[in-house]
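A.B. asks:
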Amino acid sequence: MSRAKRLTEIEKMQIVREAAEGVSTTDLATQFGVTARAVRYVLKADAERQADAAIPVSAVSVKVTTAELAALDAVLASAGIESRAEGLRRLIQAAGGVFVPDAQLAAEMARTRASLHEVGNGVAQIAKQMTLANRQGHGAGPEFTELRLAQIRGLARFILDAADEIDLAIRRRRTAMQLEATAALREFAHAAE
Numbered sequence: 102m103s104r105a106k107r108l109t110e111i112e113k114m115q116i117v118r119e120a121a122e123g124v125s126t127t128d129l130a131t132q133f134g135v136t137a138r139a140v141r142y143v144l145k146a147d148a149e150r151q152a153d154a155a156i157p158v159s160a161v162s163v164k165v166t167t168a169e170l171a172a173l174d175a176v177l178a179s180a181g182i183e184s185r186a187e188g189l190r191r192l193i194q195a196a197g198g199v200f201v202p203d204a205q206l207a208a209e210m211a212r213t214r215a216s217l218h219e220v221g222n223g224v225a226q227i228a229k230q231m232t233l234a235n236r237q238g239h240g241a242g243p244e245f246t247e248l249r250l251a252q253i254r255g256l257a258r259f260i261l262d263a264a265d266e267i268d269l270a271i272r273r274r275r276t277a278m279q280l281e282a283t284a285a286l287r288e289f290a291h292a293a294e
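The working numbering applies: residue 102 is where the sequence shown begins, and numbers increase by one.
In structure tokens:
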């Protein structure tokens, strides 16, 4: 495989376009001089971007009694949800297992995680180059000591671990919100009986 390479936005768009046309991950990796993992990452990031940018296109209407509507408004107000539409959207998302309490926050956290991974991978590449320089005898300077190399490796590990912690926190929060939404759906179901 060729040297590590940072893809431009145009190259990323080409990868997405060609993958949609059926070009394999391996062929794309070879064509753009990157790893298959980098291609998969580009495709995953594009899929997440499209999901985040999705525009609602269907409407739902339901007839309820005045008491049921008052109960819904009370539950929404206690949860800090300002509109019925947003409350119903969240309940529908919860029913599908996709409950995201704040889509903008989730998108920001996902971007932060991706940025941390990018930085961590860059630092790991620096450590790799330092190791290579030491093996070839070019690392005689104070910047290439084993201590410095260990510090760089530790930094890379810290950054990648931080990104994983953010991902884990997002997953835990989604799970907790799913449980809350499921409980709210049960309450609505029992109230209707």
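Note that CB positions come from ideal geometry on N, CA and C, so glycine has one too. In this text, all values refer to a predicted model and were calculated from it rather than measured experimentally.
1) Please report how far the alpha carbon of Q298 lies from the alpha carbon of R254, in whole angstroms.
2) Where does T166 sit, in a helix, a strand or coil, going by DSSP?
3) What is the C-beta distance between A137 and A130, in whole angstroms, given that I count them as a contact (C-beta under 8 Å)?
4) Over the uninterrupted alpha helix (DSSP H) stretch that includes A130, give me the two end residues.
5) Please tell me whether L192 and R185 are closer than 8 Å, where the distance is taken between their beta carbons.
6) Around the C-beta of R214, are 16 or more other C-beta atoms found within 10 angstroms, so that it is buried, or is it exposed?
7) Alpha carbon to alpha carbon, how far is L232 from V220?
8) Contact check, V143 vs V117 under 8 Å by CB: the rounded distance?
9) For A168, count the other beta carbons within 10 Å of its own beta carbon; 16 or more makes it buried, fewer makes it exposed. Which is it?
10) For E112, I'd like the list of residues in its chain whose CB is within less than 8 Å of its CB, leaving aside the five on either flank, ordered along the chain.
11) Assign A139 to buried or exposed, taking buried as 16 or more other Cβ atoms, counted over all protein chains shown, within 10 Å of its Cβ.
12) Could you have a look at Q115 and say whether DSSP puts it in helix, strand or coil?
C.D. replies: This is what the structure gives:
1) The chain is shown from 102 up to 294; residue 298 falls before or after that span and cannot be answered.
2) coil
3) 4 Å
4) T126 to F133
5) no
6) buried
7) Position check: residue 232 holds Thr in this sequence, whereas Leu was assumed. Cα to Cα, T232 sits roughly 18 Å from V220.
8) 7 Å
9) exposed
10) F133
11) buried
12) helix
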